[in-house]
Each structure stands twice: as C-alpha cells, then as structure tokens.
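Undergrad: Chains A and B, in that order, give the protein sequences.
Numbering of the first sequence is given in the UniProt record's numbering, commencing with residue 1 and proceeding in unit increments.
Numbering of the second sequence is given in the UniProt record's numbering, commencing with residue 1 and proceeding in unit increments.
The C-beta atom is built at its ideal place from N, Cα and C for all residues, glycine as well.
Below: one structure in structure tokens.
2 protein chains.
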Amino acid sequence: MDSHENDKPARRPTLSQVARIAGVSEITASRALRNGSVVAKATRARVEKAARALNYVPNRLAGTLAGGASRQVGVILPSLSNIVFADVLKGLEARLEDDGYHPILGISHYDPKREEQLLRDLLMWRPAGLVLAPAQMTEATRSLLGAADMPIVEVMDIDRPVTDMAVGFSHHTAGRAMAHFLVGRGYRKFAYLGHDISTDFRALARLDGFREGLAEIGVALSETRIMQGPSSVLLGKQGIEALLRDASERPEAVFFSNDDMAVGAVFHCQGAGIANPDDLALAGFNGLSIGQALPTPLTTIASNREEIGFAAADSIVQKLRGLAPQSVRRIDFRLVPGATA
Amino acid sequence: MDSHENDKPARRPTLSQVARIAGVSEITASRALRNGSVVAKATRARVEKAARALNYVPNRLAGTLAGGASRQVGVILPSLSNIVFADVLKGLEARLEDDGYHPILGISHYDPKREEQLLRDLLMWRPAGLVLAPAQMTEATRSLLGAADMPIVEVMDIDRPVTDMAVGFSHHTAGRAMAHFLVGRGYRKFAYLGHDISTDFRALARLDGFREGLAEIGVALSETRIMQGPSSVLLGKQGIEALLRDASERPEAVFFSNDDMAVGAVFHCQGAGIANPDDLALAGFNGLSIGQALPTPLTTIASNREEIGFAAADSIVQKLRGLAPQSVRRIDFRLVPGATA
DNA sequence: GTGAAAGCGCTAACAC
DNA sequence: GTGTTAGCGCTTTCAC
C-alpha cells in the first residue's frame with residue numbers, strides 16, 4: 001500500500017544526511033549543491049556523489065523560507081476555454097522555465113471576487129512575482145497588489161493604469177484600426193456581433209475603439225448585437241444568422257468580438273450562399289490559425305499572445321535580477337488583411 | 001522605487017505579530033486562523049480582527065514545512081499548442097481549486113529529458129500530488145515517480161502500465177473504433193494522414209488501433225503519410241493536397257491524427273471542389289468544436305478532455321483525504337458520426 | 001481552551 | 001575552503 005495515506009514518516013532524504021555521508025557540514029553540502037559557491041572541487045564531487053546515492057531532492061520550501069528567493073511565479077488568467085490564454089500561458093511558461101521558475105496557476109473565470117481569492121491564495125506561497133490578465137479588479141485585489149513586494153505584470157492590455165508593469169497592446173486602438181481599415185476598403189454600413197461582453201472588458205474596449213474609429217469618418221455603427229454566453233464558432237454562426245434575419249437592411253460589413261465568432265459567420269455564409277466579402281464583409285480579432293487556413297482567409301487583427309506571455313515572464317525575470325525593464329512593453333497587434341473583407 | 005530590488009527586509013506581517021496584537025500566543029493565533037480547531041469564539045474574533053488589521057497573509061511555505069500538507073499539485077503536460085491539453089488543464093484547475101489546491105505547471109514539449117527535469121524541479125516544492133500526461137518516460141523519471149510518496153495520476157491514456165493511478169481512455173481502442181465505423185459505412189480503401197508522430201505516442205496508438213481494426217476485416221491501410229512538424233489546420237490542408245497529388249489511386253476515406261489536420265483537409269476539399277464524403281471521406285479525432293461547426297460537421301471521435309482533467313484532480317484530492325479512488329478511471333471517447341464520412 | 005518547547009530543512013552571516 | 005550559530009514562520013507534540 002502507499003504510505004502517503006497514513007503510516008510512519010518515511011521522510012525524504014535531507015541535506016543533513018547527504019552532508020553526513022559526504023563527511024562535511026550541512027552548509028558545505030548546501031554550497032556544493034548550489035552553483036556559484038566556493039567549494040573545493042573534491043568536496044563538491046563527494047557531496048554530489050552522496051546526493052546521487054540518496055536520490056536527494058532539495059526541499060525548496062525550506063530553502064525559500066530560509067532566505068533563498070522563491071522560484072515560483074503566480075499566474076492568474078481569466079479563462080482557458082479558448083486558445084488565447086493558453087497561448088499566453090505557453091509563452092509565460094517557456095520564459096519562466098528558462099530561468100528555473102515555475103508558474104502556479106489560477107483561473108478567475110472573469111470573476112473579480114474569484115480573482116481576489118486566487119490572489120490571496122497564491123500570495124500565501126510567497127511567489128517571486130505575479131502575472132495577471134485582470135478583469136475588473138476589486139478594491140481588495142488592488143490593495144493586495146499594492147502591498148505585494150514583488151514584480152507584477154498585467155498582460156494583454158496597456159490601456160489601464162499600471163500597478164507595476166504591463167505587457168500587451170491597446171485593444172481600443174486595435175478596434176479603431178479595424179474601423180479605419182474597413183472604411184478604407186469602402187464599406188459604410190457596419191454591424192458588430194459579440195459574445196457576452198459584460199465579463200470581457202477587452203472585447204468591450206475593441207468595440208469602443210471601433211465605434212470611435214467609425215465616428216471619426218462620420219459613420220455610425222448601425223447594429224450592435226451581443227450574444228449570451230462565451231464566444232464560440234457556433235455562437236458566431238447562430239449570431240450572424242439571427243442578425244441577418246432581423247436586420248431591416250443588410251450591413252455591408254460585420255466586425256466580430258473575435259475570430260471564433262467570425263469563423264462561425266464564415267461557415268454560415270458558406271452554407272447560405274452568401275459571398276464574402278461581396279455580399280457581406282467579415283472581420284475578426286486574434287489572428288487564430290483556423291481563420292487563416294480557411295478557403296477565404298479571415299480578415300482579422302493578429303495579437304501576439306505567446307510573445308506577450310514570453311515578454312511578461314521576461315520582465316519578471318529581469319526585475320528579479322535587479323534590472324529595470326520598461327514598465328510598459330507594447331507587443332503590438334498586426335492587421336491581417338484576409339479575403340473576407 | 002520598489003523595494004524588491006534591494007533595500008532592507010520590509011517583511012510581511014507574521015503570525016507572531018498577529019498573536020501579539022490579539023494578545024494570545026502564536027499557536028492560538030494559528031488555531032484561530034485555521035478552521036477546525038477548538039478556540040474560544042471571542043479569541044477567534046480577536047485574532048481575526050488583528051489579522052485583518054495587519055493584512056496578514058499566511059506563509060504556506062512555513063506552514064507546509066512545519067508539517068501541514070502542501071496544497072500544490074505538480075502538473076506536467078506535453079504541450080499547450082492546441083486546445084487539447086488546455087482543456088485538460090482547465091478541468092484540473094477547476095477541481096483542484098474546489099479544494100484549495102493549485103497547480104504548478106511544467107510543459108515538456110514531448111521531450112522525455114525535459115519531462116524528467118521538470119519532475120525533478122516540481123518535486124522540490126514537495127507537492128501534495130502529481131499529474132502527468134507522459135510521453136515516453138526515462139528510467140530516471142520512472143524511478144523518481146516510484147520514490148515520490150504522493151498520489152500520482154497519469155492522464156489521457158490507460159493503455160500503459162500504471163504507476164499509481166490513470167485517467168483517460170485507450171487510444172488504441174479509439175483508433176480501432178474508427179476503423180470499424182468507416183468499414184461499416186462501406187469504405188474499403190483507406191489512407192492515414194498524421195503529423196510528426198515520433199513524439200506523440202498517443203497518436204501512434206490510434207494509428208495502430210486503426211490498422212488493427214482494418215486488418216480484422218481483411219483490409220489494409222493503403223497509404224500512411226506523416227507530415228513534419230506539429231499538427232495544424234494548415235498542415236492538414238497541405239498534407240491532403242500532397243497525398244491526393246501523389247496517390248496512384250485516390251483513397252475512399254482518410255483518417256487523420258486529429259481534428260486540426262482533418263479540418264485542414266475539409267478546407268482543401270472545399271477549395272478544390274472535392275465533395276465530402278462522396279468523393280472523399282474524412283475522419284478526425286478529438287471532437288473539437290470547430291469541426292462540429294463546419295457546414296459539413298466533421299466525423300470524429302470526441303475525447304472528454306476537460307472531464308479527464310477534472311477526474312484526475314478528483315482522484316488526487318480523494319486520495320489525499322484518505323479515500324481510495326479506482327486506480328484506473330475510464331473517461332471514454334465517443335464516436336461522433338458527422339457529415340464527412 | 002490555551003501555551004511552551006521543539007523542530008520542519010534549509011541558508012545568511014559571521015567566524016576561522 | 002569550511003564550519004558554527006541562529007534563525008526563516010509556522011505547526012506538532014505534550015502540558016496544564
């Protein structure tokens with residue numbers, strides 16, 4: 001039977017045992033096992049041999065408590081349901097791992113209260129740094145962050161005031177850019193189709209920017225439709241169908257909250273015999289590979305999500321090394337003119 | 001300036017300070033702040049007030065070192081590049097969070113050596129449990145797992161011998177099931193199109209099962225094509241194009257390593273005027289929503305990835321509570337007859 | 001219901 | 001180059 005259920009201690013080997021076998025003091029063993037310390041070559045060899053013989057695995061809880069810096073970084077993301085935040089996490093993990101750090105993860109589900117609780121939980125582990133893609137922070141969250149004496153990066157968005165550092169781009173500007181692009185293509189009658197936006201303020205910022213971009217040319221958004229629930233290909237498909245059914249006059253171009261939604265619309269149009277972009281122009285957001293592999297590649301805005309994660313982790317690591325990375329790093333979006341608008 | 005760069009201690013408040021303010025001993029404060037201990041109601045209130053006043057955040061490193069159980073669970077996944085393992089992680093995180101646990105994450109990139117190193121790293125944090133979706137384990141990995149005195153779950157796959165527990169399904173059986181289904185639909189000339197499979201032994205198991213399923217009916221796979229690189233929609237698109245170009249005789253049905261690849265093929269067929277399934281039948285694997293939203297929904301096998309993650313975390317948590325969950329939990333696949341085969 | 005003492009496994013600081 | 005001492009912040013005994 002496994003002994004983790006009850007039974008006696010059966011502890012893992014400790015540094016003290018390694019030291020005894022190697023015939024040195026604990027601290028010498030400690031120095032030998034970490035790099036960068038001055039230890040006689042022969043001593044180091046003896047200690048390493050003893051450690052190997054015992055299958056010694058250092059206890060970082062003890063090490064960190066005793067004064068070593070933690071090698072954990074708290075990461076709080078709002079969702080893992082689409083590939084967007086998985087990409088960010090991928091970039092984060094890659095950069096952190098390069099320096100021997102590991103993410104402790106929490107998913108807030110776009111819930112500020114849950115985000116606050118997660119932050120509290122992760123802080124108990126005394127991480128070396130913190131990465132968040134915050135939704136709307138609570139007052140307590142803000143205060144916890146203010147008191148947290150460690151590098152903190154907010155990712156995805158650089159519009160809001162920064163606690164410590166931020167890595168991302170302006171979603172408002174991205175929305176505006178798409179407005180300008182579509183107007184440039186000659187469209188004048190616009191609709192917006194989004195998923196439940198109350199929770200996703202970055203999508204809301206893009207919509208705002210889109211509206212503003214249109215307004216600058218004297219054009220107004222003729223319809224804004226918000227679907228219930230999280231974004232998905234299916235939701236976009238249903239949404240565009242409903243929008244076209246209900247519209248008194250068909251829009252020339254539709255801007256979607258993201259690519260998932262837009263791809264759903266492409267599928268609907270294929271089935272319904274609506275030609276893109278001639279009958280209806282479609283534009284998404286995110287630059288997902290699925291959109292680019294379509295027979296008619298999606299017009300969209302690419303966000304460099306993995307790079308954002310990578311840069312965020314890099315900022316943390318740099319600051320921990322005593323360097324001073326820029327407090328705001330812009331990893332800008334890129335307009336991808338496809339074949340659908 | 002931030003004080004995490006140098007400067008003086010500036011430590012966080014400790015339990016000792018909370019105790020002093022509340023006018024009790026450390027241990028009483030400790031008991032008051034954890035639930036389940038006998039403390040006078042009034043005392044608890046005083047301690048909680050003091051803790052709040054100080055913005056006290058318990059130090060779990062110290063707590064765990066002193067004998068409390070860790071609330072971290074090590075998670076090693078091979079990839080975050082497609083939604084598959086992000087789904088697993090989502091399920092894991094959800095169940096872990098329910099009991100106050102948090103995942104520490106490592107991504108192995110399907111590299112056994114890297115997996116081993118990650119395991120070593122995560123073990124240093126003395127997690128309460130371990131979840132892996134192992135590729136081919138090294139000898140050292142196996143030995144580390146054997147010596148790790150904690151619940152361990154291997155996810156995704158239940159074909160291999162189990163270290164402690166496993167949650168998933170048989171990929172071999174899934175491949176066989178697809179073979180039987182396609183034969184049942186009347187196809188007799190089959191091709192397989194996969195991504196670089198050397199690293200992904202689960203895809204390989206499906207291929208084996210597919211071959212075996214065909215062999216049972218006396219049919220052989222007439223072509224097996226492996227594309228270089230990780231799977232993607234684009235790779236599937238390029239792959240099917242090349243396969244059809246080079247084939248002396250067009251297959252009736254193609255089985256893909258996964259849905260991404262298969263969707264790429266659907267897109268190619270749309271562009272090339274090849275009717276699915278009449279000119280060519282296509283079948284994928286995973287049951288991604290993108291495939292189901294296609295104008296012609298993809299024939300595929302759905303894997304319940306989020307549920308697998310959830311069940312894996314549940315097994316860990318149960319075992320930590322002293323219960324004895326089944327050592328193998330099958331979260332079976334489901335054949336999804338679509339419109340492409 | 002509360003407390004005193006001891007120690008978890010390690011490292012910083014200061015010797016020598 | 002190596003060792004001694006003194007903690008890090010908490011929880012586990014075992015008392016009372």
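Which residues does DSSP pair with V75 of chain A in a beta bridge?
TA: Residue numbering aside, residue 75 of chain A sits at position 75 when the first sequence is read from its first letter. DSSP output for V75 of chain A lists A:L105, A:V131 as bridge partner(s).
Undergrad: For the segment 121-138 of chain A, which residues have a beta carbon sitting closer than 8 Å to at least one beta carbon of chain B?
TA: Residues D121, L122, L123, M124, W125, R126.
Undergrad: What do you get for S25 of chain B, buried or exposed, if any count of 16 or more other CB atoms within 10 angstroms of its CB means buried?
TA: Translated into the one-based positions of the second sequence, residue 25 of chain B becomes position 25. When all chains shown are included, S25 of chain B counts as exposed.
Undergrad: Could you say which of B:R120, B:A94, B:A69 lies nearest to residue 350 of chain A if we only look at CA atoms?
TA: For residue 350 of chain A there is no data in the structure shown, the boundaries of chain A being 1 and 341.
Undergrad: Taking just the CA atoms, how far does L130 of chain A sit from M165 of chain A?
TA: Working through the first sequence from its first residue, we reach residue 165 of chain A at position 165. Working through the first sequence from its first residue, we reach residue 130 of chain A at position 130. Each residue's Cα considered, the two are about 10 Å apart.
Undergrad: Are the C-beta atoms of L204 of chain B and some chain A residue less than 9 Å apart?
TA: Your numbering for residue 204 of chain B matches position 204 in the second sequence. So no, L204 of chain B is outside the interface.
Undergrad: Below 8 Å CB to CB, which residues in the same chain sit around V18 of chain B once its five sequence neighbours on both sides are set aside?
TA: Residue mapping note: residue 18 of chain B aligns to position 18 of the second sequence, counting from 1. These residues qualify, in order along the chain: A29, L33, V47, A50, A51, L54, Y56.
Undergrad: Between the segment 254-277 of chain A and chain B, which residues of the former have CB atoms less than 9 Å from a CB of the latter, in chain order?
TA: Against chain B - using a Cβ distance shorter than 9 Å - the residues of the segment 254-277 of chain A are D260, V263, G264, F267, H268, Q270, G271.
Undergrad: What first and last residue would you give for the beta strand (DSSP E) that runs through G168 of chain B?
TA: Position 168 of the second sequence holds residue 168 of chain B. Segment 165-169, the beta strand (DSSP E) holding G168 of chain B.
Undergrad: Within 10 angstroms of the Cβ of L122 of chain B, are there 16 or more other Cβ atoms? Answer buried if so, exposed if not.
TA: In the second sequence, counting from the first residue as 1, residue 122 of chain B sits at position 122. Its Cβ being crowded by 16 or more others within 10 Å, L122 of chain B is buried.
Undergrad: How would you call D279 of chain A, buried or exposed, if buried means at least 16 neighbouring beta carbons within 10 angstroms?
TA: Looking up residue 279 of chain A in the first sequence gives position 279. So D279 of chain A counts as exposed.
Undergrad: Note down, in chain order, all residues in the segment 50-70 of chain A with a beta-carbon under 7 Å from any beta-carbon belonging to chain B.
TA: Flagged, chain order: N55, V57, P58, N59, R60, L61, A62, T64, L65.
Undergrad: Ordered along the chain, which non-local residues of its own chain (more than five positions away) have a Cβ less than 6 Å from that of G63 of chain B?
TA: Residue numbering aside, residue 63 of chain B sits at position 63 when the second sequence is read from its first letter. Cβ neighbours of G63 of chain B beyond the five flanking positions: none.
Undergrad: Leaving out the 5 sequence neighbours to the left and right, which residues in its chain are closer than 6 Å to A302 of chain A when beta-carbon positions are compared?
TA: For this step, residue 302 of chain A is matched to residue 302 along the first sequence. These residues qualify, in order along the chain: G287, R334, V336.
Undergrad: Note down, in chain order, all residues in the segment 215-236 of chain B with a beta-carbon under 7 Å from any beta-carbon belonging to chain A.
TA: Within the segment 215-236 of chain B, the qualifying residues are S232, V233, L234.
Undergrad: Apart from the five residues on each side of it in sequence, which residues of its chain come closer than 7 Å, Cβ to Cβ, to A27 of chain A?
TA: On the first sequence, position 27 is the one that residue 27 of chain A refers to. One point to set straight first is that residue 27 of chain A is Ile, not Ala, in the sequence displayed. Nothing meets the Cβ criterion.
Undergrad: Exposed or buried, E249 of chain A, counting other C-beta atoms within 10 Å across all chains shown (16 or more means buried)?
TA: Residue 249 of chain A sits at position 249 when you count from the first residue of the first sequence. The residue is exposed, with fewer than 16 neighbouring Cβ atoms inside 10 Å.
Undergrad: A203 of chain A and N258 of chain A - do their beta-carbons sit closer together than 9 Å?
TA: Counting from 1 along the first sequence, the entry for residue 258 of chain A is found at position 258. Counting from 1 along the first sequence, the entry for residue 203 of chain A is found at position 203. Cβ atoms of N258 of chain A and A203 of chain A: closer than 9 Å.
Undergrad: Could you check where the alpha helix (DSSP H) with I290 of chain B kicks off and where it finishes?
TA: Looking up residue 290 of chain B in the second sequence gives position 290. 289-293 is the extent of the alpha helix (DSSP H) around I290 of chain B.
Undergrad: Is N82 of chain B close to chain A? Criterion is C-beta to C-beta, closer than 9 Å.
TA: The residue you call residue 82 of chain B lines up with position 82 of the second sequence. True, the Cβ-Cβ gap to chain A drops below 9 Å.
Undergrad: Does the beta-carbon of residue 342 of chain B have 16 or more other beta-carbons within 10 angstroms, so that it is buried, or is it exposed?
TA: With chain B covering 1 to 341 only, the question about residue 342 of chain B has no answer from this structure.
Undergrad: Against chain B, which members of the segment 86-111 of chain A pass a CB distance test of less than 8 Å?
TA: For the segment 86-111 of chain A, which is checked against every Cβ of chain B, the residues closer than 8 Å are A86, D87, L89, K90, E93, A94, E97, G100, H102, P103, I104, L105, G106, I107.
Undergrad: Looking only at its own chain, which residues have a Cβ that is under 6 Å from the Cβ of R12 of chain A, when we skip the five neighbours before and after it?
TA: One-based indexing of the first sequence puts residue 12 of chain A at position 12. Counting only Cβ-Cβ distances below 6 Å, and skipping sequence neighbours, we find nothing.
Undergrad: I need the DSSP call for G322 of chain A, collapsed to helix, strand or coil.
TA: Here the question's residue 322 of chain A lines up with position 322 in the first sequence. In the structure shown, G322 of chain A sits in coil (DSSP, three-state: anything other than H, G, I, E or B).
Undergrad: Taking G106 of chain A as the reference, give the member of A:P112, A:G74, A:F210 with the closest Cα.
TA: The residue labelled residue 106 of chain A in the question sits at position 106 within the first sequence. The shortest C-alpha separation from G106 of chain A is found at A:G74.
Undergrad: For chain A, find out if any of its Cβ atoms is closer than 9 Å to the Cβ of N305 of chain B; answer yes or no.
TA: Sequence index remark: in the second sequence, residue 305 of chain B carries index 305 (1-based). Note on residue identity: the sequence assigns Arg, not Asn, to residue 305 of chain B. Not one chain A Cβ lies under 9 Å of R305 of chain B.
Undergrad: Short of 8 Å in beta carbon distance, which residues of its chain neighbour A128 of chain A, apart from the five on each side in sequence? Order them along the chain.
TA: The residue given as residue 128 of chain A occupies position 128 in the first sequence. So the qualifying residues of the chain are A69, S70, R71, Q72, V73, Y101, M150, P151, I316, L320.
Undergrad: Following the continuous beta strand (DSSP E) through D157 of chain A, name the residue where it begins and the one where it ends.
TA: Here residue 157 of chain A refers to the residue found at position 157 when the first sequence is read from its first residue. Taken as a continuous stretch (DSSP letters only), the beta strand (DSSP E) holding D157 of chain A covers 152-157.
Undergrad: How would you label A293 of chain B, buried or exposed, when you count the other beta carbons within 10 angstroms and need 16 or more for buried?
TA: In the second sequence, counting from the first residue as 1, residue 293 of chain B sits at position 293. A293 of chain B is buried by the Cβ-count criterion.
Undergrad: Suppose only complete runs of 3+ residues qualify. What are the beta strand (DSSP E) ranges in the segment 164-213 of chain A, listed by chain order?
TA: With a minimum length of 3 residues, the continuous beta strand (DSSP E) runs that stay inside the segment 164-213 of chain A are 165-169, 190-194.
Undergrad: So what's S231 of chain A in DSSP terms, helix, strand or just coil?
TA: Numbered from 1 along the first sequence, position 231 holds the residue referred to as residue 231 of chain A. Three-state result, S231 of chain A: coil.
Undergrad: Closer than 8 Å, Cβ to any Cβ of chain B: which residues of the segment 279-295 of chain A, in chain order?
TA: Under the 8 Å Cβ criterion, the segment 279-295 of chain A contributes S289, I290, Q292, A293, L294, P295.
Undergrad: Please check the pair G36 of chain A and R305 of chain A, which I expect to be a contact at CB under 8 Å, by giving their CB distance rounded to whole angstroms.
TA: Translated into positions along the first sequence, residue 36 of chain A becomes position 36. Translated into positions along the first sequence, residue 305 of chain A becomes position 305. That pair is no contact at about 35 Å.
Undergrad: In this structure, how does DSSP classify A22 of chain B when only helix, strand and coil are distinguished?
TA: Residue 22 of chain B sits at position 22 when you count from the first residue of the second sequence. Three-state DSSP puts A22 of chain B in a helix.
Undergrad: Would you please state the rounded distance, in angstroms, between the beta carbons of G172 of chain B and G146 of chain B? I believe it to be under 8 Å.
TA: In the second sequence, counting from the first residue as 1, residue 172 of chain B sits at position 172. In the second sequence, counting from the first residue as 1, residue 146 of chain B sits at position 146. The amino acid occupying residue 172 of chain B in the given sequence is His; Gly does not appear at that position. Contact flag wrong, Cβ pair sits at about 25 Å.
Undergrad: Nearest chain B C-beta to L144 of chain A closer than 9 Å, yes or no?
TA: Counting from 1 along the first sequence, the entry for residue 144 of chain A is found at position 144. Yes, L144 of chain A lies at the interface with chain B (some Cβ there is under 9 Å from its Cβ).
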